[in-house]
Each structure stands twice: as structure tokens, then as C-alpha cells.
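Keeping their order, the protein sequence lines are chains S and H.
For the first sequence, the numbering used here assigns the number 7 to the initial residue and increments by one for each residue that follows.
For the second sequence, the numbering used here assigns the number 2 to the initial residue and increments by one for each residue that follows.
Glycine included, every Cβ here is placed at the ideal spot set by N, Cα and C.
Keep in mind it's a predicted model, so treat the numbers as computed, not measured.
Worksheet for the structure shown next.
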Amino acid sequence: MTVDWGWFPDHRDDLTTLTLDHLSTAVPAVLFGLLIAVPLAVVAHRVRPLRGVLLGLSNVLFTIPSIAIFVLLLPITGLTRTTAITGLTIYTLTVLLRNTVEGLDSVPAKAREASMAMGARPLRTLLTVELPLAFPVIMAGVRVSTVMAISLVSVASYIGYGGLGQLFTDGFQRDYPTPVVAGVILSLLLALVADAVLVAIQWLCTPWLRRRA
Amino acid sequence: MTICRQGKGKRMISFKHVSKHYPNGTTAVDDLSLELPEGDITVLVGTSGCGKTTTLRMVNRMVEPSSGTVSVGGRDVLKADAAELRRGIGYVIQQAGLFPHRTILDNIATVPLLLGWGRRKARARAAELLELVGLPEGSGKRYPHQLSGGQQQRVGVARALAADPPVLLMDEPFGAVDPVVRTQLQNELLRLQSELRKTVVFVTHDIDEAVRLGDRIAVFRTGGHLVQCAPPAELLAAPADDFVAGFLGAERGLKLLSLSTLDGLPQEPAPADGTSAAADTGRWRLVTSTRGEPLGWRDTEGPDGDEAPLLPVRPLRDTDSLLAALDESLASPAGLVARVDADGVLTGVTGRDRIHEHAGRRHTEAGRGSAAEAARTNATSKDAEDAKDAKEAQAADTPDPDASVNA
């Protein structure tokens, strides 16, 4: 297998487009995942009987093969980016739901009690005490699901929204390894950069964890 | 049904036939009737599972009564909006329960922010409170984990006081700090209370803490029964039954002494060092500084004579307790307690015998006072016989003052 390194600068514009394309599928998937997972996690955390049901259900969804999900979604959303994003969202959901529930569990009971006893209503306690304290554990889920989403986007190249995954199909069809290597390297870099950005965000948002006495 | 009637102020918090049963069949509080006067510290004590914390938590509706009425400031708590009610009631819990993700200043500002004071005003108020509870100004920007346990507890108190609520609930607030810090915090609380005159409900399982802090003490027994509610001296002198007596412990008499001060206890001139008056006063001399502060006792008959090392002295002021005096009289080699004025300057000494005599008399007085009180209370009720019993129990429980003098 020989890699034609000269191919890279020649296809700079294509690579940039594909990378952005990749991100515009992966990032919304994680964001929608959060949007759905956090409220569900709050319900699962508050209503004990629902906890097992919700976590079980999200586990079942996780076991559906990714290609099958896209196929199942096709009749509903068609060959659109929506299909790609929806499919990935289902995957991020499992990790995000579990981590958010665990994050809420990790909030010290005393802090929750103090907030209520000071006269904060439940929603305010959730937003100003519980979620901030659960944030580090939630972020751990966000990091895992982001990396996962970035690697899974490629699968959506079957429906034409695979981002860097398109390079794999292209290289495979032409029996030309260079685009495949380019796709691997860029996916990897993208995952690393995304993870670093998330670590930075977490650091910025949790000043109370910085200087452990 | 027990009612604390000895309060000076009007009733701030009242429980009327309040019970709390849980679905699993346990009874946390059983038919509690109790009235807490404004501006006093009422301490709820008892073994664990006796319902004292549940009682406290019913005041701000963290727990709702199964039956009966809890009212604060004349208003049924169940008729109030829970969140608004709580904003008007300070709450301090064990290990402070601070928000780990908020700075000290923002922790203290919690209730003012909930009340919509705005960030600037709330922070300014928080800074005031930081000073009030004796924390350095710089600590406001720190996070709870960067403070010691005692400091965190002070922040907890400051947070509870931030919106200046008339009522303060304290649930074993000093339970998790070491004894030295605990004593400091107790003193601070008493100092704050002398300024602020809040209606304080304080839960503890530590009877010494209860005696120290309480204007009155309510003793609970397992199963949520209130057994007795009385000022500390009365409780110690006349426990209602064996349970209360057992809870107060064997050193009830000594605890009673901790409530009396040296004020009024006569003193004699000190056997001072280097003065002519000292020549005829036995073996031990009290050495003082040039300002007159006691430094220690010197054994004039020891082998080293005037070079002998000083033995420690703990000078006592008139505001110190008789218990401290009794203790020092045992520790002092001369059997004399050095008495000083507010500036720490020696005013005289008091001998062991005189302290014992005085202590014995105080003890009897407390017993007699509470028996009279019991008689008065019971005369109005149907149980006049109980009063007689109480008096007799008193007499049996109170050591003969003469005996302690001779001891």
C-alpha cells in the first residue's frame, strides 16, 4: 500500500469541505442527544420506577446496528442529513442518558437539601445546584459520545452524508488507498481536537474543581 | 402534652398536637405540643430516632406533619408557600451543606438572590456577614473545600442569617467539628445571639452543648415523645423521669454548676510573691507580673526556694463558671483559685472549701427553685400529687451542701 502524499495538498478544498461536513453531522447529533438525554435523565432520576425502563430502552436502541438504523429511518426522513443526524443521536443518547443520571446521583444530598431548605424551587435547584454539580460526570458522557459520533459519521456515507467517510467509499471503489488514509488521519485528528475542546470547556466551567486544597 | 411556658417573649413557633407517621409504620413524632418563645434558643435533644430532627424540619416544611398544626409567627406553615416560607427561615445543617460549586460569598448570598435583591446588593450583604461570623474578607472568593470544617460551619451560619430571618433552624450544626472548634463556634453563636435575638431551634444529641446554648431544653424519647421541656438549670435539678435523668448523665450536679458564675463568691487577699503580706500565708505563693496578672504558683518550701519553677495557674473572672472554679480548685497546688478582673489583674483568691460551699448552695437553690416552679405549674393542673413527688425526688437527688463542704 503506497500513499500518495502529493494527493493531500491537491485536494485541500475537498478535505476541508468533507471535514466541515463531518462536523455538521456529528456535532448536532451530540447536541440533540443532550437535549433529549438531560430531561429524560431528570425524569429517570426523580421517578425511580421509570429509571430502569428508560435506561433499558436506551440500551436496546444502542444494540441496533448502525446501518440498520439508517435503513429504518430512510422511509421517514429520506436521503437527507436529518437521517444521518437522527441515527447518530440515537447512539449518543444511551451514553448521555446514563452519564447524566449518574451525574445527578453524584450530587451530594446535603447540597440538594440545602438548596430546597433555603427556599429554592425544584426547577431552580435543578438548574443552579444539581446540573452544575453533575456537570463533570455529564461532560465525561459528552466526551465519549462526541468521539463515538465522529467515528460513526462515516457509516452514514451509505446514504451520502458520511463526511470524511466518503473518502473511504471513494478509495475503496477506485482501489486507491490514499483517500482512505486521509480519511482515517482526519477523523482521528477531528476526534482529538474535539475532545481537547471539550476538556477546555469543562475546565472553564468548573472553577471549583481547579484548586483542590 | 408539654408546653414551655417560661418564655419571656411572645410565641414564635408553635406545635399543636403534631404527629408524624411514615408509611412504613414508624412514628417520628407523637402528639407534640410545644410553644417556642421569640428570641430564645430552644434546644431539642434526645437519642437518635427520637424525632428531634423531624420536629425541626416540620418548622420549615421540609417534613409535613401527618396531623396537627405547626405555625410560625402565628401562621400555619401548611397554608404558606413552602419556598417562600423557607426563605424567611434560616437553616444550618451538619457539615454546613454548602454548595461546593459556589464561592463563599455566593453561598452566603443564596437567599438574598432568591428574594430578588440583585447580585450587587446580595454580595454586599454577604460580605457584611462574612465579617459578622469572623471570617477574613479574602475568604469570600474561595470555594468551600478550601476552608476548614470550622470555617465552613461559620459560612453555614452566615448563609442562614443572610436575609435576616427571625427564625433560625440549626440541625446538629457543630456535630462534625473537633471539640476545640466546637466550643469556639458555640461561643460565637452565643455572641451573635446576644446581638441578633433570633428565635433559634437547635438540634443536638450532645447534652453539654444543649446546657451551654439553650434558654430551654426539650428532651425527646425514642418514638417521638417529648418528655420534658425546661430551662437547663431546672432540667438538671429536677429531671421529669429516669429517662431524662439518664440522658443528662451522672454528672448532672457538675453540669448545673457550669450554669452558675463566680459572681458573688467572696475572695480573700492573695498570698502574693515579694510583698510583705505574703510572709505569713503558708507554703504557696502566687507570682504575678508587674501589671498584676497571675503567672503561677511558687513552692516556697521546696528545695529550690525562690528559684523554684512556677506551677500553672488558671485565673478566673467573675463571668467564669462555678464548675471551672471547682476544677481549678482541684488543680491548684494551694487549693486556691486566683480571681482576676476583666483586664486579667489579680483581685484575690478563693479557697476550695468556700467554692464547695457556694456550689452546694447553688445546687440546692436550683433544686428548690424548680420544685417551686413545678408546684406552681402543677397546682393549676389536676396533678397536685405529682408536685409533691417532684419535690421529694428533688430532695433525694440534691447532695447535702454540708457534705460537699466536708468532703
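What's the call for I42(H), buried or exposed, on a 16-neighbour Cβ count within 10 Å? Result: buried.
How many Å lie between G109(S) and T320(H) at the Cα? Rounded to whole angstroms, G109(S) to T320(H) spans 53 Å at the Cα level.
Looking only at DSSP bridge pairs, what is P304(H) linked to? None; P304(H) has no bridge partner.
I believe A2(S) touches V113(S) by the beta-carbon criterion, under 8 Å. Please report the beta-carbon distance rounded to the nearest angstrom. Chain S is shown only over 7 to 219; residue 2(S) falls outside these bounds and no answer can be derived.
What span of residues does the beta strand (DSSP E) with Y97(S) cover, start to end? Per DSSP, Y97(S) belongs to no beta strand (DSSP E); it is in the alpha helix (DSSP H), 87-111.
Please name the residue in A367(H), L35(H), L317(H) whose C-alpha comes closest to that of P233(H). From the listed residues A367(H), L35(H), L317(H), the smallest Cα separation to P233(H) is found for A367(H).
Around the C-beta of P45(S), are 16 or more other C-beta atoms found within 10 angstroms, so that it is buried, or is it exposed? An exposed status is given to P45(S), since fewer than 16 other beta-carbon atoms sit within 10 Å of its beta-carbon.
Evaluate R363(H) with the Cβ neighbour count: other Cβ atoms within 10 Å of its Cβ, from every protein chain shown; 16 or more gives buried, anything less gives exposed. So R363(H) ends up on the buried side.
With 16 other CB atoms within 10 Å as the buried threshold, where does E173(H) fall? E173(H) should be labelled buried.
For chain H, check one thing: does any of its Cβ atoms lie closer than 8 Å to the Cβ of L26(S)? Chain H, which has no Cβ nearer than 8 Å to the Cβ of L26(S), makes this no.
Helix, strand or coil at L195(S) according to DSSP, with G and I counted as helix: In the structure shown, L195(S) sits in a helix (DSSP, three-state: H, G or I).
Please report the distance separating the alpha-carbon of S157(S) from that of F174(S). Cα to Cα, S157(S) sits roughly 12 Å from F174(S).
P38(H) to G303(H) span [Cα, whole Å]: Pairing P38(H) with G303(H), the inter-Cα distance amounts to about 58 Å.
With burial defined as no fewer than 16 other Cβ atoms inside 10 Å of the residue's Cβ, what is the status of F16(H): buried or exposed? Classification of F16(H): buried, given that the 10 Å Cβ count is 16 or more.
Who are the near neighbours of P113(H) in its chain, counting only those whose CB is closer than 8 Å to its CB and skipping five residues on each side? Sequence-distant Cβ neighbours of P113(H) in its own chain, meaning closer than 8 Å and more than five residues away, are K122, A123, R126, A127, A163, A164.
If you measure from the beta carbon of M13(H) to each beta carbon in chain S, is any gap under 8 Å? Not an interface residue.
Check whether the region 114-130 of chain S touches the region 74-90 of chain H, counting contact only when three or more Cβ pairs, one atom from each stretch, lie closer than 8 Å. Enough Cβ pairs lie closer than 8 Å, so yes.
In chain order, what residues of the same chain have a beta carbon less than 7 Å from the beta carbon of S151(S), not counting five sequence neighbours either side? Closer than 7 Å at Cβ, skipping near neighbours: V36, G39, T98, V101, L102.
Validate contact between the region 180-193 of chain H and the region 203-217 of chain H using beta carbons, cut 8 Å, 3 pairs: Counting C-beta pairs with one atom in each stretch, the region 180-193 of chain H and the region 203-217 of chain H have three or more that are closer than 8 Å, which means they touch.
Tell me the DSSP secondary structure of M145(S) in three-state form. M145(S) falls in the helix class under three-state DSSP.
Do V350(H) and E252(H) come within 8 Å of each other at the CB atom, strictly closer than that value? Result no, Cβ atoms of E252(H) and V350(H) do not sit closer than 8 Å.
Report yes if the CB atom of S322(H) is closer than 8 Å to the CB atom of S259(H), and no otherwise. Taking 8 Å as the cut-off, the beta carbon of S322(H) is found closer than this to the beta carbon of S259(H).
Using the C-alpha atoms, what's the distance from P71(S) back to F100(H)? Those two C-alpha atoms are separated by around 43 Å.
Could you spell out the range, first to last residue, of the beta strand (DSSP E) harbouring F203(H)? It spans 200-205 - the beta strand (DSSP E) in which F203(H) sits, taken as one unbroken run.
Going by alpha carbons, who is nearest to P295(H) out of T301(H), D307(H), R318(H), G283(H)? Ranking T301(H), D307(H), R318(H), G283(H) by Cα distance to P295(H) puts R318(H) first.
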